[in-house]
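Presented below is the structure to which this report refers.
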Amino acid sequence: MQRPSRLVAAVLLGGLLSVGGCASAVAGVPQADPAPQPTAGRGADPVAWVDKVCGAVLTFTGPVLAQPNFDGADLPGIKQRLSDYLAGAETGLQQSRDQLGQVGSAPVGGGDDIVARATAGLEKLQSDISAAKAKVDASDPNNVPAFQAALGETQTSLAQVTAPDVLGDLRTSPRLAKAVDQAPACGQLQAASTPR
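Numbering (the working numbering), first residue to last: -3 to 192.
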C-alpha cells in the first residue's frame, strides 16, 4: 500500500524539480516594448478613441442647439430662418457622420457596433430633418393658414425625432465607460445633452 504513495510522491517531486529547473535569472534591465502603441484597434488608447466618437457626435449638436428666434409677424423671415436652421442641422449631421467614419477601429469588442448604430441613427435623423426642411421650403408664408399648418406639422415631426444615445451606448462597455469619464469631448457632449 506504500508503493503507490511513494510513486505519487516521486512524480510530484519530479514535477516540482522540473518546474524549478525552468526558473533561471536573466541579466539586464527590463525595457519597454519599442513598438509604438497602436492608434486604432486592439491595444489603442480607449480614451482617445471615445473622445473622437464623442467629438464627432458633438459636431451636430452645435447647429441644432443654435436655434434662432422664430417669434414675430414677418412670416417670410420666419420661413427663411427656419429653413436656414434646418440646413445647418443637416450639414452638422453630415459632418458628424463623416467624422464617425474616421474614428478608426475600436480598442475593445463591441465598439465598432456602437459607431455603426450611431452612424445609422444620425443618418435617420438627417433624413427626418431633410424632410422637414422640404416641407418648410414648399410652404407659402403669404397663405397664412397653410403656412401655420406647415409649421405645426414640422414642429410635430421634429418633436418625434430622436438622436442616438451614444454616451449610453458607450457606457455599456466597462472599459469604454471609464474612458468616457476621462474624455473631454464626452464631457462636453454630456453637458450639451443635459436638459436646461
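Ideal Cβ positions, reconstructed from N, Cα and C, are used throughout, including at glycine.
Bear in mind that the values here come from a model prediction, so they are computed numbers and not experimental data.
With C-beta atoms as the reference, is residue i less than 9 Å away from residue j?
i: Gly117; j: Ala159; result: yes
i: Ser189; j: Thr57; result: yes
i: Pro103; j: Asp177; result: no
i: Leu82; j: Phe143; result: no
i: Pro137; j: Lys75; result: yes
i: Val99; j: Leu121; result: no
i: Leu78; j: Ile125; result: no
i: Val132; j: Thr152; result: no
i: Leu147; j: Val49; result: no
i: Pro64; j: Asp47; result: no
i: Val43; j: Ile110; result: no
i: Gly203; j: Ala181; result: Given that the chain is displayed from residue -3 to residue 192, the structure contains no residue 203 and the question cannot be resolved.
i: Gly106; j: Trp45; result: no
i: Ser92; j: Leu61; result: no
Would you identify the three-state DSSP class for residue i, choosing helix, strand or coil?
i: Ala187; result: helix
i: Pro160; result: coil
i: Pro42; result: helix
i: Ser126; result: helix
i: Asp133; result: helix
Considering just the uninterrupted stretch of the alpha helix (DSSP H) at residue i, what are its terminal residues?
i: Thr152; result: Val140 to Gln156
i: Ala175; result: Pro170 to Gln178
Let me see if you follow: with CB-CB separation under 9 Å, is residue i close to chain B or not?
i: Gly73; result: Of the protein chains in this structure there is only one, and it is not chain B.
Exercise. What are the start and end residues of each continuous alpha helix (DSSP H) run of 4 or more residues lying completely inside the region 59 to 120, in chain order?
Worked result: 71 to 96
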